[in-house]
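Numbering (our numbering), first residue to last: 19 to 334.
Ideal placement from N, C-alpha and C gives every residue a C-beta, glycine not left out.
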């Protein structure tokens with residue numbers, strides 16, 4: 019897809035983003051409690067990944083993210099895979115999403131067709147560390163080290179044909195600067211959205227003010243949407259207010275389902291008091307969100323609820 023066509027689609031939202039991958043894989047009996055997380059299924063259950071992607075398209079998603087958040091060459095090499103094998107696994111994450119999209123698209127009548135996009139998930143360096151630091155940003159590499167870490171995965175994702183990159187759950191401002199520079203220098207035909215990991219109020223997890231992070235990318239034409247993910251739904255409206263005041267780019271939000279994650283025990287604490295997506299989605303759209311989905315613990319049912327509410331607002 020040409021960059022201008024993609025930018026137009028994103029700018030003319032609202033669009034529905036998919037939900038959690040690991041949550042659905044775990045329901046299928048796949049153990050993700052290791053340093054590869056959901057990428058484990060690329061090794062032993064690729065068909066399950068494809069089924070999850072398809073379930074989100076069926077639920078109403080316009081965009082699914084490849085199962086590559088924690089799929090990177092150093093992680094695969096640490097598990098004994100060669101560079102070529104690691105590249106093949108990342109490529110597989112794109113192929114499975116594309117197959118799910120193409121098969122689903124064939125079921126749609128002409129009047130039901132809608133944009134169906136594949137975003138190449140690029141998680142932070144902290145995800146590779148697998149110690150919870152994507153929620154703290156507590157790590158420091160040089161700009162070139164960040165680029166060297168992210169380059170191989172981005173190369174494979176681009177070559178495999180993703181429509182755009184999703185730089186997601188990014189807690190470290192210096193890392194996002196390096197990613198944007200790498201995008202400009204080596205992927206001039208590609209676009210990306212940038213989604214920060216935040217403290218829930220007004221800062222990135224590394225302490226950088228959110229307004230500073232957003233403002234930095236205002237004039238970056240390749241960062242075509244900006245937002246937050248992997249935070250509580252109750253934080254989103256306030257975060258949207260901060261971002262909308264600093265940019266006219268499309269705003270992307272895909273929070274968790276409201277439960278709280280402990281990165282040390284790797285367990286979730288259930289919160290039964292979070293308002294429903296039916297209540298929150300109209301508020302988020304009113305606050306400027308144009309790409310809306312779910313992150314950890316969200317399900318196809320949640321994405322279906324988001325999609326129905328977006329469609330309801332469109333028809334009003």
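Exercise. In angstroms, rounded to a whole number, what distance separates the CA positions of residue 28 and residue 242?
Worked result: By one-based count along the chain shown, residue 28 stands at place 10. By one-based count along the chain shown, residue 242 stands at place 224. About 8 Å.
Problem set entry | Proximity of residue 136 and residue 216 at Cβ, strictly below 8 Å | Walking along the chain shown from the start, residue 136 turns up at place 118. Walking along the chain shown from the start, residue 216 turns up at place 198. Contact: no.
For this session: State the DSSP-derived secondary structure class of residue 269, mapped to helix, strand or coil.
Result: Numbered from 1 along the chain shown, position 251 holds the residue referred to as residue 269. Strand at residue 269.
Problem set entry | Contact set for residue 170: own chain, Cβ-Cβ below 6 Å, skip 5 residues either direction | Your numbering for residue 170 matches position 152 in the chain shown. Closer than 6 Å at Cβ, skipping near neighbours: 91.
Exercise. Which class does residue 27 belong to by DSSP, given the choice of helix, strand or coil?
Worked result: If you number the chain shown from 1, residue 27 lands on position 9. In this structure, residue 27 counts as helix in the three-state DSSP scheme.
Exercise. Which term fits residue 124, buried or exposed, when burial requires 16 or more other beta carbons within 10 angstroms of its beta carbon?
Worked result: Translated into positions along the chain shown, residue 124 becomes position 106. The residue in question, residue 124, is exposed, as its Cβ has fewer than 16 Cβ neighbours within 10 Å.
For this session: May I ask you to report which of helix, strand or coil DSSP gives residue 76?
Result: The residue you call residue 76 lines up with position 58 of the chain shown. In the three-state DSSP reduction, residue 76 falls in the helix class (H, G or I).
For this session: Note down, one range per segment and in chain order, each beta strand (DSSP E) of at least 3 residues found wholly within the stretch 130 to 167.
Result: 135 to 140
Problem set entry | Between the CA atoms of residue 72 and residue 122 - distance to the nearest angstrom | If you number the chain shown from 1, residue 122 lands on position 104. If you number the chain shown from 1, residue 72 lands on position 54. Their Cα atoms are separated by approximately 7 Å.
Exercise. Taking C-beta to C-beta, are residue 142 and residue 193 nearer than 8 Å?
Worked result: Here the question's residue 142 lines up with position 124 in the chain shown. Here the question's residue 193 lines up with position 175 in the chain shown. It is a contact, given that the beta carbons lie within the stated cut-off.
Exercise. Which parts of the stretch 190 to 273 are runs of the alpha helix (DSSP H), unbroken and 4 residues or longer, counting only runs that do not cross its ends?
Worked result: Every alpha helix (DSSP H) of 4 residues or more that sits fully in the stretch 190 to 273 is shown, in chain order, as 191 to 204, 228 to 234, 254 to 262.
Exercise. What residue range is occupied by the uninterrupted beta strand (DSSP E) comprising residue 307?
Worked result: The residue labelled residue 307 in the question sits at position 289 within the chain shown. Residue 307 -> beta strand (DSSP E) spans 307 to 310.
Exercise. What residues in its chain sit with their C-beta under 6 Å from that of residue 148, if we drop five residues either side in the sequence?
Worked result: Taking the first residue of the chain shown as position 1, residue 148 is located at position 130. Result list for residue 148: 53, in chain order.
For this session: Assuming residue 293 contacts residue 331 (C-beta within less than 8 Å), just tell me the rounded distance between them.
Result: By one-based count along the chain shown, residue 293 stands at place 275. By one-based count along the chain shown, residue 331 stands at place 313. Here residue 293 is actually not in contact with residue 331; their C-beta atoms are around 17 Å apart, not less than 8 Å.
For this session: Quick one: give me the first and last residue of the beta strand (DSSP E) that residue 83 is part of.
Result: In the chain shown, counting from the first residue as 1, residue 83 sits at position 65. Here the beta strand (DSSP E) through residue 83 covers 81 to 83.
Problem set entry | For residue 323, the nearest candidate out of 34, 264, 334 (CA to CA) | Taking the first residue of the chain shown as position 1, residue 323 is located at position 305. Checked all of 34, 264, 334; the closest Cα to residue 323 is 34.
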